[in-house]
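Heads up, the thing below is written out as structure tokens.
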Amino acid sequence: MFDLLVIGGGLAGTIAALEARASGARVALCTRSWGATALSTGALDVAFAPGSEPTQRRSIAGHAHAIANSRARHPYAVLGADRALNAMTDGLERLTPALEAAGLVIPPIDSAKPNGAYVSSLGALVPAATSLMPHAWPVGGGRLGIVQLAGDASFDARHIAKAVTHDARQSWGWDLSCDIIAVRYDGSHGSMAVARGLDDLGAAERLAAELKDRTANVDCLVLPPVLGLVRYREVLAILRAAVKVPVIEALAHLPSVPGVRLQNALDRALREADVTILGEVSSAETHGGRVTAVLSPSGERLMAHYFVLASGRFISGGIVFDTKVREPLFDLPTVSELGLIEKDAPQGVVRADPRESHPLMTAGVDVNRTLQPMSEGRVAFGNLFAAGMVIGGFASRFALCADGVALATGVIAARSALGATKAAA
Numbered sequence: 106m107f108d109l110l111v112i113g114g115g116l117a118g119t120i121a122a123l124e125a126r127a128s129g130a131r132v133a134l135c136t137r138s139w140g141a142t143a144l145s146t147g148a149l150d151v152a153f154a155p156g157s158e159p160t161q162r163r164s165i166a167g168h169a170h171a172i173a174n175s176r177a178r179h180p181y182a183v184l185g186a187d188r189a190l191n192a193m194t195d196g197l198e199r200l201t202p203a204l205e206a207a208g209l210v211i212p213p214i215d216s217a218k219p220n221g222a223y224v225s226s227l228g229a230l231v232p233a234a235t236s237l238m239p240h241a242w243p244v245g246g247g248r249l250g251i252v253q254l255a256g257d258a259s260f261d262a263r264h265i266a267k268a269v270t271h272d273a274r275q276s277w278g279w280d281l282s283c284d285i286i287a288v289r290y291d292g293s294h295g296s297m298a299v300a301r302g303l304d305d306l307g308a309a310e311r312l313a314a315e316l317k318d319r320t321a322n323v324d325c326l327v328l329p330p331v332l333g334l335v336r337y338r339e340v341l342a343i344l345r346a347a348v349k350v351p352v353i354e355a356l357a358h359l360p361s362v363p364g365v366r367l368q369n370a371l372d373r374a375l376r377e378a379d380v381t382i383l384g385e386v387s388s389a390e391t392h393g394g395r396v397t398a399v400l401s402p403s404g405e406r407l408m409a410h411y412f413v414l415a416s417g418r419f420i421s422g423g424i425v426f427d428t429k430v431r432e433p434l435f436d437l438p439t440v441s442e443l444g445l446i447e448k449d450a451p452q453g454v455v456r457a458d459p460r461e462s463h464p465l466m467t468a469g470v471d472v473n474r475t476l477q478p479m480s481e482g483r484v485a486f487g488n489l490f491a492a493g494m495v496i497g498g499f500a501s502r503f504a505l506c507a508d509g510v511a512l513a514t515g516v517i518a519a520r521s522a523l524g525a526t527k528a529a530a
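Heads up: the sequence shown begins at 106 in this note's numbering, then just goes up one per residue.
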């Protein structure tokens with residue numbers, strides 16, 4: 106019998122498990138496969154209110170409050186923006202050692218300061234609270250060298266340079282220019298294969314030799330996010346020693362090498378914290394308003410005093426959309442930012458024009474201030490809590506808040522469960 110069983114191994118579930126272990130709880134985590142965390146761009150998004158101009162210089166806390174004030178079902182509104190930000194900071198205290206052990210050091214987040222600007226592989230200068238180590242040189246003007254690997258169709262250095270220069274001037278108010286640095290190093294095999302190839306440090310030395318004498322006029326070198334899947338610290342060190350200027354990766358799109366690095370770091374942290382890792386669960390047993398067990402596909406009963414549902418949204422199957430929108434494990438009601446999603450009519454949250462914002466993409470479970478899922482105005486199960494993207498009412502790519510929500514709700518869900526455990530004792 107575990108004290109806490111977490112369902113989902115992404116960022117929210119990992120933080121919940123680590124928070125509970127830090128309190129001495131016996132913790133298990135059930136995971137079927139990687140989800141949205143493994144698709145991370147490499148940035149850590151805490152809060153950027155929709156419609157904001159970066160030149161407004163609003164603080165991260167200001168963005169969080171703006172989101173909470175304008176979106177009543179957003180977790181920042183449900184929890185309270187200040188409480189969410191404090192929990193996010195505590196979540197970072199759990200996350201930082203896990204990342205440092207894997208060489209993914211993150212600069213600290215100061216919510217009183219504005220978001221930084223980071224180069225995206227999609228061709229933009231995007232706001233983020235901070236980033237994983239290989240990307241951690243927020244742009245602030247100057248001259249960038251954008252590196253084009255031979256045959257790499259997924260990273261168009263000319264397009265990126267044009268877009269970044271435009272965004273710097275129009276959105277951020279900066280004087281920034283870019284040089285294109287084309288090299289012969291083969292980038293044609295896809296990002297994962299190129300990253301694995303650079304784990305061979307001889308390959309990294311060859312790339313460094315091509316770049317060595319071509320950076321005299323740039324302040325920072327920007328490469329595709331492929332600088333090693335495992336040995337990225339060493340690859341970066343080799344390149345930086347050769348060129349004598351900061352070297353960073355652009356933020357990723359799909360498939361995401363930074364996302365795989367992040368997920369591997371979280372998996373390692375769970376093992377080192379002695380969290381029991383279990384496999385997929387496919388159904389649940391409930392009795393008297395409580396969850397008594399979750400069941401594996403083979404029927405094995407996994408029992409705990411308390412449960413945290415951190416199963417994600419559509420990517421990982423925490424929320425599904427087939428004949429209806431539903432939460433499949435506990436059959437919890439789902440809500441969008443507009444309110445309850447009726448079981449027989451998802452059409453109300455799908456727009457006729459595909460270019461519009463679809464409330465369906467905000468679907469998830471409804472929660473109260475202690476992150477207990479709700480059903481018809483009541484707590485669904487007294488020992489069940491939720492964290493991360495399985496919570497409904499917000500679109501993380503619209504408000505740029507996925508990591509902040511994961512950190513805050515992971516911490517609060519674990520603390521709520523452990524607090525209930527102590528109260529029961």
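Even for Gly, the Cβ is constructed at its ideal location relative to N, Cα and C.
Note that the structure is a prediction, hence the values are computed from the model and not measured.
(request) Give the single residue among N191, S175 and D150 whose Cα lies nearest to the Cα of L443. (result) By one-based count along the sequence shown, residue 443 stands at place 338. Minimum Cα distance to L443 is reached at S175.
(request) Determine the contact status of G509 and A152, defining contact as a CB-CB distance below 8 Å. (result) For this step, residue 509 is matched to residue 404 along the sequence shown. For this step, residue 152 is matched to residue 47 along the sequence shown. Contact flag set, yes.
(message) For L317 and A342, which I take to be in contact (beta-carbon distance under 8 Å), what is that distance rounded to the nearest angstrom?
(response) Position 212 of the sequence shown, counted from the start, is the residue given in the question as residue 317. Position 237 of the sequence shown, counted from the start, is the residue given in the question as residue 342. Sequence inspection shows Lys at residue 317; the Leu mentioned does not correspond to that position. That belief does not hold up - the Cβ atoms of K317 and A342 are roughly 14 Å apart, past 8 Å.
(request) Pick out whichever of A507, A485 and E339 has its Cα sitting closest to the Cα of A308. (result) Taking the first residue of the sequence shown as 1, we reach residue 308 at position 203. It is E339 whose Cα lies nearest to the Cα of A308.
(message) Please state whether the Cβ-Cβ distance between G196 and G423 is less than 8 Å.
(response) Position 91 of the sequence shown, counted from the first residue, corresponds to residue 196. Position 318 of the sequence shown, counted from the first residue, corresponds to residue 423. No, Cβ-Cβ distance for G196 and G423 is not below 8 Å.
(request) State the Cα-Cα distance for the pair Y181 and E158, rounded to the nearest angstrom. (result) The residue labelled residue 181 in the question sits at position 76 within the sequence shown. The residue labelled residue 158 in the question sits at position 53 within the sequence shown. The alpha-carbon atoms of Y181 and E158 are separated by roughly 21 Å.
(request) Kindly list the residues whose CB is nearer than 7 Å to the CB of R319, restricted to its own chain and excluding five residues on each side of it in sequence; keep chain order. (result) The residue given as residue 319 occupies position 214 in the sequence shown. Taken in chain order, the residues that qualify are I286.
(message) To the nearest angstrom, how far is the alpha carbon of S282 from that of S501?
(response) As a working mapping, residue 282 is identified with position 177 in the sequence shown. As a working mapping, residue 501 is identified with position 396 in the sequence shown. Using only the alpha carbons, I get a separation of about 31 Å.
(request) Please determine, among P202, G493, R418 and D372, the residue with the shortest C-alpha to C-alpha distance to L184. (result) The residue you call residue 184 lines up with position 79 of the sequence shown. That would be G493, whose Cα lies nearest to the Cα of L184.
(message) Taking the beta carbon of L110 as the centre, do at least 16 other beta carbons fall within 10 Å, making it buried, or is it exposed?
(response) Counting from 1 along the sequence shown, the entry for residue 110 is found at position 5. It counts as buried.
(message) Taking only three categories from DSSP, how would you classify D324?
(response) What you label residue 324 is simply residue 219 of the sequence shown in a count that begins at 1. Looking at D324 - three-state DSSP - the assignment turns out to be coil, as it is neither helix nor strand.
(message) Going by beta-carbon coordinates alone, are P219 and R274 separated by less than 8 Å?
(response) Numbered from its first residue, the sequence shown carries residue 219 at position 114. Numbered from its first residue, the sequence shown carries residue 274 at position 169. No. Outside cutoff.
(request) Measure the Cβ-Cβ separation of P363 and P239 and say whether it is below 8 Å. (result) Position 258 of the sequence shown, counted from the first residue, corresponds to residue 363. Position 134 of the sequence shown, counted from the first residue, corresponds to residue 239. Yes, Cβ-Cβ distance for P363 and P239 is below 8 Å.
(message) Could you check whether the segment 117-137 touches the segment 196-216, counting it as contact only if at least three pairs of C-beta atoms, one from each stretch, sit closer than 8 Å?
(response) yes
(message) Is the beta carbon of A357 closer than 8 Å to that of L204?
(response) Counting from one through the sequence shown, the residue named residue 204 turns up at place 99. Counting from one through the sequence shown, the residue named residue 357 turns up at place 252. Their beta carbons are not under 8 Å apart, which means L204 does not touch A357 by this criterion.
(message) For the beta strand (DSSP E) containing G221, name the first residue and the last one.
(response) Taking the sequence shown and counting its residues from 1, the one referred to as residue 221 is at position 116. Segment G221 to S225, the beta strand (DSSP E) holding G221.
(message) Give the list of continuous beta strand (DSSP E) stretches no shorter than 3 residues that lie fully inside the segment 267-340.
(response) 281-291 and 325-328
(message) Let's see if you can read the secondary structure: which residues bound the alpha helix (DSSP H) around T119?
(response) Translated into the one-based positions of the sequence shown, residue 119 becomes position 14. Residues L116 to A127.
(request) Scan the segment 343-426 and note each continuous alpha helix (DSSP H) run of 4 residues or more that stays entirely inside, going in chain order. (result) Along the length of the segment 343-426, whole alpha helix (DSSP H) runs at least 4 residues long occupy 362-377, reported in chain order.
(message) Rounding to the nearest angstrom, what Cα-Cα distance links E390 and I172 in this structure?
(response) Position 285 of the sequence shown, counted from the start, is the residue given in the question as residue 390. Position 67 of the sequence shown, counted from the start, is the residue given in the question as residue 172. If I take the Cα positions, the gap works out to 37 Å.
(request) Specify, as a first and last residue, the run of the alpha helix (DSSP H) that F546 falls within. (result) Nothing in the structure corresponds to residue 546, since the chain is present only between 106 and 530.
(request) In the DSSP assignment, find the alpha helix (DSSP H) that holds L197 and state where it starts and stops. (result) For the purposes of this step, residue 197 is taken as the residue at position 92 of the sequence shown. Its alpha helix (DSSP H) spans residues A186 to A206.
(request) Please confirm whether G384 and C325 have their CB atoms less than 8 Å apart. (result) One-based indexing of the sequence shown puts residue 384 at position 279. One-based indexing of the sequence shown puts residue 325 at position 220. No, Cβ-Cβ distance for G384 and C325 is not below 8 Å.
(request) Check I446 in the structure and name its three-state DSSP category. (result) Against the sequence shown, residue 446 aligns to sequence position 341. Here I446 carries a coil assignment [DSSP, helix/strand/coil].
(request) Let me know the secondary structure DSSP gives P232 once reduced to three states. (result) Counting from 1 along the sequence shown, the entry for residue 232 is found at position 127. Of the three classes helix, strand and coil, the one that applies to P232 here is strand, per DSSP.
(request) Kindly indicate the opening and closing residues of the beta strand (DSSP E) around S259. (result) Against the sequence shown, residue 259 aligns to sequence position 154. Neither: S259 is in no beta strand (DSSP E) and is coded neither H nor E.
(request) Alpha carbon to alpha carbon, how far is G156 from G394? Give it in angstroms, no decimals. (result) On the sequence shown, position 289 is the one that residue 394 refers to. On the sequence shown, position 51 is the one that residue 156 refers to. Each residue's Cα considered, the two are about 42 Å apart.
(request) Look up P521 in the DSSP assignment and say whether it is helix, strand or coil. (result) Residue mapping note: residue 521 aligns to position 416 of the sequence shown, counting from 1. The sequence as given places Ser at residue 521; Pro does not occur at that position. Helix, per DSSP.
(message) Can you tell me whether T475 is helix, strand or coil according to DSSP?
(response) Here residue 475 refers to the residue found at position 370 when the sequence shown is read from its first residue. Reduced to three states, the DSSP call for T475 is coil.
(request) Taking all protein chains shown into account, decide if E377 is buried (16 or more other Cβ within 10 angstroms of its Cβ) or exposed. (result) Translated into positions along the sequence shown, residue 377 becomes position 272. Answer is exposed; the Cβ neighbour count stays below 16.
(request) Give me whichever residues DSSP pairs with T101 in a beta bridge. (result) One cannot answer for residue 101 here, as it falls past the ends of the chain, which runs 106 to 530.
(request) With DSSP collapsed to three states, give me the class of D150. (result) What you label residue 150 is simply residue 45 of the sequence shown in a count that begins at 1. If DSSP states are grouped into helix, strand and coil, D150 belongs with coil.
(request) Could you name the residues of the same chain whose beta carbon sits closer than 8 Å to that of S521, not counting the 5 residues immediately before and after it, in chain order? (result) By one-based count along the sequence shown, residue 521 stands at place 416. Scanning its chain for C-beta atoms nearer than 8 Å, with the 5 sequence neighbours on each side dropped, one finds around S521 the residues T475, L476, Q477 and F490, in chain order.
(message) Please classify E432 as buried or exposed, where buried requires at least 16 neighbouring CB atoms within 10 angstroms.
(response) Within the sequence shown, residue 432 is the residue found at index 327, counting from 1. E432 should be labelled buried.
(request) Check whether the Cβ atoms of I446 and V470 sit closer than 8 Å, and answer yes or no. (result) In the sequence shown, the residue the question calls residue 446 occupies position 341. In the sequence shown, the residue the question calls residue 470 occupies position 365. In this structure, V470 does not lie closer than 8 Å to I446 by Cβ.
(message) Check whether chain D comes within 8 Å of R301, counting only Cβ atoms and requiring the distance to be less than that.
(response) Any reference to chain D falls outside this structure, which holds one protein chain only.
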